[in-house]
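Note that our numbering has the sequence shown beginning at 62, numbered continuously upward. Idealized CB from N, CA, C, for every residue including glycine. Computed from a prediction, not measured in an experiment: that's the story for all the values here. First the structure, in the form of C-alpha cells, and then the observations on it.
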Amino acid sequence: ICLTSRGSAVRIRQRPLNIIICRSLTVKSVRLSYYNMVDMSMLNGYTELVGLMASPIRHSHSPAMQNEAFRRAGINCVQLAFEVDNSCLKEAVHAIRALGMRGSNVSMPNKTVVGKYLDKLSPAAQLIGSVNTIVNDHGVLTGYCTDGIGFMASLKDEGIDITGKKITVVGAGGAATAIQIQAALDGVAEISIFNVKDQFYEAGEETVRKINKFTDCKASIYDLADHAALRREIADSCLLSNATGLGMKPYEDITWLPDTTFLRPDLIVTDTVYAPSMTKFLGMAREVGCRYMNGHGMMLFQGAAAFQLWTGKQMDVDHMKQWLREVGIF
Ligand code: NAD
Numbered sequence: 062i063c064l065t066s067r068g069s070a071v072r073i074r075q076r077p078l079n080i081i082i083c084r085s086l087t088v089k090s091v092r093l094s095y096y097n098m099v100d101m102s103m104l105n106g107y108t109e110l111v112g113l114m115a116s117p118i119r120h121s122h123s124p125a126m127q128n129e130a131f132r133r134a135g136i137n138c139v140q141l142a143f144e145v146d147n148s149c150l151k152e153a154v155h156a157i158r159a160l161g162m163r164g165s166n167v168s169m170p171n172k173t174v175v176g177k178y179l180d181k182l183s184p185a186a187q188l189i190g191s192v193n194t195i196v197n198d199h200g201v202l203t204g205y206c207t208d209g210i211g212f213m214a215s216l217k218d219e220g221i222d223i224t225g226k227k228i229t230v231v232g233a234g235g236a237a238t239a240i241q242i243q244a245a246l247d248g249v250a251e252i253s254i255f256n257v258k259d260q261f262y263e264a265g266e267e268t269v270r271k272i273n274k275f276t277d278c279k280a281s282i283y284d285l286a287d288h289a290a291l292r293r294e295i296a297d298s299c300l301l302s303n304a305t306g307l308g309m310k311p312y313e314d315i316t317w318l319p320d321t322t323f324l325r326p327d328l329i330v331t332d333t334v335y336a337p338s339m340t341k342f343l344g345m346a347r348e349v350g351c352r353y354m355n356g357h358g359m360m361l362f363q364g365a366a367a368f369q370l371w372t373g374k375q376m377d378v379d380h381m382k383q384w385l386r387e388v389g390i391f
C-alpha cells in the first residue's frame with residue numbers, strides 16, 4: 062500500500078511476484094475507501110474501453126468495481142469516468158462509436174436523456190425511460206437499464222422470490238421506477254406505489270399506467286400521506302422497499318415510515334440507500350425482526366449486469382462482495 066502525492070492510498074501489485082510496495086510507513090489508519098487496482102501489465106494496444114458518463118462523477122465506485130471485475134476475469138478492458146453532462150452528452154455518445162469503445166455506464170443527469178442518441182433500447186429501458194448502460198456492437202448502440210435488474214438479482218442472491226406476489230415500493234424517482242417496471246416485467250403480481258405529492262408523483266402515475274398496460278402486473282399509486290392506505294397495502298405485501306433518498310445524506314435520520322407498527326416480522330424490507338449501510342428505515346425493520354437488505358446488493362448486481370452485457374461473462378460476485386468489503390466500499 063502506498064500514498065499518492067494527494068495522500069490517497071493505492072495498492073500496487075507487481076505480477077508475477079505479487080509484491081506489495083510500501084512508500085510510507087507512517088500511515089496509521091488511512092481509510093482504504095478507494096483504491097483502484099488496474100493491472101498495468103494488461104494494458105496494451107488491444108485494451109478495450111468502457112466509460113462512465115455523468116456529472117458529478119469522481120465520487121463513483123463503479124470504475125473501481127468494474128476494473129477489479131475485468132482484472133479478476135482476465136479481460137483486457139478498463140472503465141474510465143468522464144465528467145459529462147447534458148451539454149456534451151451527444152458528442153460523448155458519438156465518441157463511443159468513433160473510438161470503438163465497448164460501451165459506457167451513464168448516470169445523472171444523463172440517464173433519462175441519453176436514449177435519444179442511441180440506436181436501440183431494451184424493452185425495460187424503453188418502459189423505464191432511463192438508460193444506465195450502453196453497449197456498442199460494431200457501431201450499433203443499445204441502451205439498457207440494469208438498476209431494476211440489479212434489485213431483482215440482489216433478492217435472488219438472498220434466496221428471495223417475489224414473483225407472483227405483491228410488493229409495496231415507496232418512491233417514484235429513477236431508482237423506484239426501475240425497480241417497479243423490472244419487478245412487473247419479471248412476474249411480480251401486484252405493486253403498490255406510494256409517493257409524496259411532489260414533482261415525482263406524476264412519474265409514479267405514468268409508471269402505473271405503463272405497468273397496467275404493458276405487463277400482467279397490477280399497479281396502483283397512493284399518496285404517502287395516506288397512512289391508512291400505507292398500512293393496508295404493507296399488510297398485504299411480502300416486501301416493502303424504500304426507493305426514496307430519505308436515509309442518505311443529508312436525510313440520514315429521517316424516514317417516511319410513521320412507526321414500527323406498520324411492519325411485521327415476516328415482511329422483507331429493502332432500502333435502495335447504500336450509504337449509510339444502516340438507515341433509520343432499516344433500523345426500524347431490524348427492531349421488528351424483519352429480514353432486511355440495504356442498497357449494496359442492488360449496486361453490485363446492476364454493475365454485474367452491465368459487466369455481462371459488455372463482456373458476455375458473469376461477474377464473480379462472491380469475489381466482488383469480498384473485495385468491496387476489503388476496500389471499504391461496502
Ligand atoms: P430521484 O431524485 O430520482 O427520486 C427521489 C425520490 O425521493 C422521489 O420519489 C421523491 O418523491 C422522494 N422524496 C424526496 N424527498 C422526499 C421526502 N421528504 N419524503 C418522501 N419522499 C421523498 O432519486 P433516485 O435516483 O431514484 O435515488 C433514490 C435513492 O436510491 C437514493 O438514495 C439513491 O442513492 C438510491 N439509489 C441506489 C441505487 C443502488 O444501486 N443501490 C441505484 C440508484 C439509486
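| Asked | Found |
| --- | --- |
| Bounding residues of the alpha helix (DSSP H) (the contiguous stretch that carries residue 262) | 262 to 275 |
| Residue 192: CB within 7 Å of a non-hydrogen atom of the ligand NAD | no |
| Per-residue DSSP class, three states only, for residue 293 | helix |
| Contact set for residue 210: own chain, Cβ-Cβ below 8 Å, skip 5 residues either direction | 185, 243, 362, 363 and 366 |
| Three-state secondary structure assigned by DSSP to residue 346 | helix |
| Residue of 128, 115 and 239 minimising C-alpha distance to residue 104 | 128 |
| Unbroken beta strand (DSSP E) run spanning residue 229, endpoints | 227 to 231 |
| Coil, strand or helix - residue 131 by DSSP | helix |
| Start-to-end residues for the alpha helix (DSSP H) that takes in residue 381 | 378 to 387 |
| Residue 209 Cβ short of 7 Å to the ligand NAD heavy atom set | no |
| Euclidean distance between Cα positions of residue 207 and residue 187 | 12 Å |
| Per-residue DSSP class, three states only, for residue 87 | Because the pLDDT of residue 87 is 36, which lies under 50, any placement of that residue in the model is unreliable, and the question is left without a value. |
| C-beta contact flag for residue 346 and residue 236 at 8 Å | no |
| Whether residue 143 touches residue 112 by CB criterion (8 Å) | yes |
| Straight-line gap, residue 247 to residue 125 (C-alpha atoms, nearest Å) | 30 Å |
| Endpoints, alpha helix (DSSP H) assigned at residue 208 | 208 to 218 |
| Host alpha helix (DSSP H) of residue 151 (start-end) | 150 to 159 |
| Which of helix, strand or coil DSSP assigns to residue 341 | helix |
| 8 Å Cβ cutoff met for residue 272 and residue 245 | yes |
| Buried or exposed by the 16-neighbour rule on C-beta atoms within 10 Å, applied to residue 161 | exposed |
| Closer than 7 Å: residue 359 CB and nearest the ligand NAD heavy atom | yes |
| Local conformation of residue 195 per DSSP, three classes | strand |
| Local conformation of residue 237 per DSSP, three classes | helix |
| Where residue 255 sits in the DSSP three-state scheme | strand |
| Straight-line Cα distance separating residue 315 from residue 94 | Bear in mind that a pLDDT of 42 at residue 94, under 50, signals an unreliable position, so the model cannot answer this. |
| 8 Å Cβ cutoff, residue 101 in contact with chain B | Protein chain content of the structure displayed is limited to a single chain, and chain B is not contained in it. |
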